[in-house]
Amino acid sequence: QLQAFGGGLVQAGGSLRVSCAASGSIFSINVMGWYRQAPGKERELVATIASGGSTNYADSVKGRFAISRDNAKKTWYLQMNSLKPEDTAVYYCNLVAWERPAVRYDYWGQGTQVTVSS
Numbered sequence: 038q039l040q041a042f043g044g045g046l047v048q049a050g051g052s053l054r055v056s057c058a059a060s061g062s063i064f065s066i067n068v069m070g071w072y073r074q075a076p077g078k079e080r081e082l083v084a085t086i087a088s089g090g091s092t093n094y095a096d097s098v099k100g101r102f103a104i105s106r107d108n109a110k111k112t113w114y115l116q117m118n119s120l121k122p123e124d125t126a127v128y129y130c131n132l133v134a135w136e137r138p139a140v141r142y143d144y145w146g147q148g149t150q151v152t153v154s155s
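If you count the sequence shown from 1, position 17 lands on 54 in our numbering, and the numbers rise without skipping.
So, in structure tokens, the structure goes:
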């Protein structure tokens, strides 16, 4: 189970950090991520971080957002800086874990609203 925290209302140019905590055990090979869905739009990838530490970002957030993880706490974070109104969306955390190559588990958090006012 995933629990997301930290959404809210912020002015354009401001910063916000969202976090996601996983309960239970997590297989060591995994990818933690954040996705977002704005009204009337498809859910889109924001950022991911693999268990080895490699990261991936959507072009729209590169240089502004940073994803990180704390394996001991089974928690990952998305630090969002220089926020823009177009970043307004429900942010969902995601965890993909592999028990073995052919066995994949996919989990989603409940979503947290981020609203950026102009």
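Each residue gets a CB set at the ideal place from its N, CA and C atoms; glycine is no exception.
A straight-line Cα-Cα distance of about 30 angstroms links Gln74 and Arg137.
In this structure, the beta-carbon distance from Leu82 to Phe102 does not fall below 8 angstroms. Between Thr152 and Thr125 a beta carbon distance of about 5 angstroms is seen, short of the 8 angstroms cut, so the two are scored as contacting.
With contacts defined by Cβ atoms closer than 8 angstroms, Gly50 and Ser119 form a contacting pair. In this structure, the CA atom of Ser56 is about 23 angstroms from the CA atom of Arg141.
For Ser52, same chain residues with a beta-carbon under 8 angstroms away, outside a window of 5 residues either side, are Gln116, Met117, Asn118, Ser119 and Leu120 in chain order.
The DSSP-derived three-state label of Glu123 is helix. Distance between Tyr144 and Ala87, taken at the CA atoms: about 15 angstroms. In the structure shown, the three-state DSSP call for Ser97 is helix. With contacts defined by Cβ atoms closer than 8 angstroms, Leu132 and Leu39 form a contacting pair.
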